[in-house]
Amino acid sequence: MFYRLSNSWRLFGATLDVLRKDKELMLFPLLSGLAAILLVASFAGGMWGFGLIDQLRTSYEANNGELTPREFAPVVVLGLLFYFVNFFIVIYFNAALVGAARIRLRGGDPTVADGFAAANRCLPAILGYSLIAATVGLILNALQNRARDNFLGRIVVGLIGMAWTLITYLVVPVLVIERLGPLAAIRRSASMLRETWGEQIIANFGFGMIGFAFSLVGFAIAGGGVFLATQAGFGIAFAVAAVALAVLYWIVLSLVLSSLRGIYTAALYCYAANDEVRGFPVELVSEAFSPRIGPR
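In this note's numbering, the protein residues as written are 73 to 368.
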């Protein structure tokens with residue numbers, strides 16, 4: 073276990089070194105977040121502007137908390153459309169990030185335009201995969217809700233979700249680099265995992281633990297500010313400033329971690345596909361996802 077954590081820390085450092093060389097990679101998760109905010113605002117504004125929210129509220133109150141199928145239908149349609157577009161935004165910007173990261177891993181010097189060009193070249197496949205991923209997500213959420221009071225059912229649904237995550241782990245780089253269709257990309261991703269490290273992908277948990285540890289710094293900043301404001305007389309303005317600083321820290325940390333995950337995914341693909349990599353210790357990947365015998 074300690075070896076896994078040590079190796080995860082070295083992988084974290086290696087991906088961070090790549091990000092230092094191309095800090096503009098953080099623009100992709102930033103733009104993804106802004107696009108998601110714009111999506112929420114546009115859907116909420118559209119529903120409000122067309123009077124749908126007032127209409128639904130009036131009907132809901134008039135019918136003792138119920139909506140007729142005719143009234144509920146537009147809510148379902150808009151909800152499904154929102155879900156799909158949200159998935160598309162995440163996958164599209166991830167594809168752009170992976171495309172740019174691969175250029176760096178191969179010794180190039182990518183620009184933001186290079187990343188978007190890589191994503192645009194496989195735009196139809198991204199649309200198709202977004203539809204598949206959104207559908208699977210809806211099904212899993214529905215199953216999770218049905219199994220809410222069934223402990224065994226929740227475990228089964230959780231295992232299905234984990235299996236889907238493992239199978240599709242390398243779909244985005246496959247879409248971007250190999251230019252396959254969505255179904256072929258899913259099969260290719262599953263095949264690459266099976267042929268290389270398969271179930272050892274769970275070792276990536278150590279990478280997530282490092283990110284969680286860094287996130288605690290934000291809680292320390294916010295908590296310390298509130299404590300000093302209330303117990304040492306620093307005043308409410310100091311507490312507000314500390315909380316604002318913590319929020320800013322979490323935003324920057326989120327951008328960094330999202331960028332590192334994209335770089336990491338690109339490196340994993342390069343290892344699995346025997347792709348050319350320069351300036352990144354791919355042997356760390358092989359060590360992280362190869363079976364180990366005996367304690368380390």
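The C-beta atom is built at its ideal place from N, Cα and C for all residues, glycine as well.
6 Å Cβ shell around residue i - same chain, five flanking residues per side excluded
| i | result |
| --- | --- |
| Gly305 | none |
| Ser330 | Pro101 |
| Leu99 | Val184 |
Buried versus exposed call for residue i [16 or more other C-beta atoms within 10 Å across all chains shown]
| i | result |
| --- | --- |
| Thr237 | exposed |
| Asp181 | exposed |
| Ser114 | exposed |
| Arg333 | buried |
| Ile335 | buried |
| Asp221 | exposed |
| Met234 | exposed |
| Asp89 | exposed |
| Arg176 | buried |
| Val328 | buried |
| Glu271 | Bear in mind that the predicted position of Glu271 carries a pLDDT of just 40, short of 50, making it too unreliable to give a figure here. |
Residues near residue i by beta carbon distance below 8 Å, same chain, minus five either side
| i | result |
| --- | --- |
| Leu252 | Ala197, Val246 and Arg260 |
| Met119 | Ile125 and Leu150 |
| Ala239 | It should be noted that the sequence gives Ile, not Ala, for residue 239. The residues are Ile258, Ser261, Ala262 and Leu265. |
| Ile109 | none |
| Ser287 | Trp322 and Leu325 |
| Cys194 | Ala167, Leu247, Val248 and Arg251 |
| Tyr241 | Ser261, Leu265, Ile273, Thr337 and Leu340 |
First and last residue of the uninterrupted alpha helix (DSSP H) at residue i
| i | result |
| --- | --- |
| Val184 | Val184 to Arg193 |
| Ile42 | Because residue 42 is not part of the residues shown, which for the chain are 73 to 368, the question remains open. |
| Arg226 | Phe223 to Ile239 |
| Phe100 | Leu99 to Gly121 |
Beta-carbon proximity check, residue i vs residue j, cutoff 8 Å
| i | j | result |
| --- | --- | --- |
| Ala256 | Val243 | no |
| Tyr164 | Ala206 | no |
| Tyr341 | Val289 | no |
| Arg174 | Ala345 | no |
| Ile308 | Ala314 | no |
| Ala172 | Leu97 | yes |
| Leu210 | Val229 | no |
| Arg178 | Arg350 | yes |
| Ala191 | Ala167 | yes |
| Ala86 | Phe299 | no |
| Gly187 | Leu169 | yes |
| Asn158 | Leu111 | yes |
| Gly297 | Ala311 | yes |
Option in the options with minimal Cα separation from residue i
| i | options | result |
| --- | --- | --- |
| Phe122 | Gln216, Leu150, Glu348 and Lys95 | Leu150 |
| Gly105 | Gly118, Gly225, Ile161 and Asp186 | Ile161 |
| Ala189 | Asn222, Gly290, Val248 and Ala313 | Val248 |
| Asn213 | Arg178, Arg226 and Leu97 | Arg226 |
| Leu285 | Gly117, Val157, Ser326 and Gly307 | Rather than Leu, the amino acid found at residue 285 in this sequence is Ala. Checking every option, the nearest Cα to that of Ala285 belongs to Ser326. |
| Phe84 | Ile282, Ser202, Val184 and Val298 | Ile282 |
| Leu152 | Val208, Ala107, Arg129 and Gln303 | Val208 |
7 Å CB neighbourhood of residue i in its chain, flanking five on each side removed
| i | result |
| --- | --- |
| Leu317 | Ile293 |
| Ile204 | Pro254 |
| Ala219 | Gly225, Arg226 and Val229 |
CB contact below 8 Å: residue i versus chain E
| i | result |
| --- | --- |
| Leu247 | Protein chain content of the structure displayed is limited to a single chain, and chain E is not contained in it. |
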